[in-house]
Structures are given as structure tokens and as C-alpha cells.
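Numbering (my numbering), first residue to last: -14 to 133. Everything below concerns the one structure shown next.
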Amino acid sequence: MVARVSTRSALEIAEREHNQLHEKLNTLARLIESRAITLERVVELLESLRKFFIAHFQKEERSGLFELIEERAPHLSRQVRKVMSEHAELVKRMDGMLRFARRGTGQPLCWWMLNHRMEDLVTKLRKHESDENGVLQMAYTDDLGTKD
């Protein structure tokens, strides 16, 4: 069953979780870039991050907010579907990074590839969140107003 949340609380929850996600990603990215971590620890942190991704995406998908946006602002339906479909792609990228880290050799090229993949993941996630926030803000300010 989909739980409905107010638009305002959904925006606040999304912002808080996005900040937490960025903090986790940035910390891991710095550790990988500096090689101040073992590959085993990289795998542990990626697994933890993957769980956070999935929980965050499920919360968004089950909140009912995006369905409400599509109902009340049908002109945003295409953007909503695009943003929601990106969740699976982001998890796939995380899975690929995890597979690579598990097979890692610890050689300089391995660290370079991990760093490159992390930068790519961070870039894709930031773009996704920006698009998602844009949809939420358009719906909140233009279509849903301040009604909760």
C-alpha cells in the first residue's frame, strides 16, 4: 500500500536524505581518491551505500508523492517517469562498482578505475537529484501550491 505524505514533508525528507547520501558518497570518494582505505573496506562501504540507495529509492517510490504529482500535474508525468526509472539505473551502476571493487587487485590502475567510477556515480546521482528536485519544486510551487 502506498503511504501518502504531504508535499512539504516529502521535500524536507528528500532534502535531508539527499544531504546524507552526498555526505556518504563524498566521504567514500575522498577515501578512494587518497587510497586511504583497503579494498575490503571499500566493498563494505559500497554495500552499506547500496542499502542506503535502495531504502531511499523505495521511500520515494512508496511515498505516493510522485503518483500525486502525476494526478494533479499531468504535464509533469514524463519527467516523473524518467526520474523514477533512473533509480534502477543508479543501483545497477552501484552493483557494477561493487563487482569491480570485489575483484580489485589494489594496483594503481584499480584505484584509478575505482576513482573514475565513483566520480561517474556521484555525477549521475547529482544530476538525478537535481532533476528530481526540479520536478518536486515545479509541482509544489506551480501545481500543488501549499496545500497539504
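Cβ coordinates follow ideal geometry from the N, Cα and C atoms, glycine included. Computed from a prediction, not measured in an experiment: that's the story for all the values here.
Span of the alpha helix (DSSP H) around residue i
i: residue 39; result: 24 to 47
i: residue 113; result: 93 to 123
i: residue 21; result: Note, residue 21: premise wrong, no alpha helix (DSSP H); not H, not E.
i: residue 81; result: 62 to 87
Sequence-distant residues of the same chain with beta carbon closer than 8 Å to residue i, five excluded per side
i: residue 27; result: 13, 16, 17, 86, 89, 99
i: residue 11; result: 107
i: residue 5; result: 37
Same chain only: Cβ atoms within 6 Å of residue i, ignoring 5 sequence neighbours per side
i: residue 35; result: 79
i: residue 22; result: 16
i: residue 117; result: 68
i: residue 95; result: 89
Nearest-angstrom Cβ-Cβ length linking residue i and residue j, presumed shorter than 8 Å
i: residue 113; j: residue 68; result: 7 Å
i: residue 91; j: residue 24; result: 6 Å
i: residue 42; j: residue 7; result: Not confirmed; about 15 Å, so no contact.
i: residue 74; j: residue 65; result: Between residue 65 and residue 74 the Cβ distance is about 16 Å, and since that is not below 8 Å, they are no contact.
i: residue 32; j: residue 83; result: 7 Å
i: residue 121; j: residue -4; result: 6 Å
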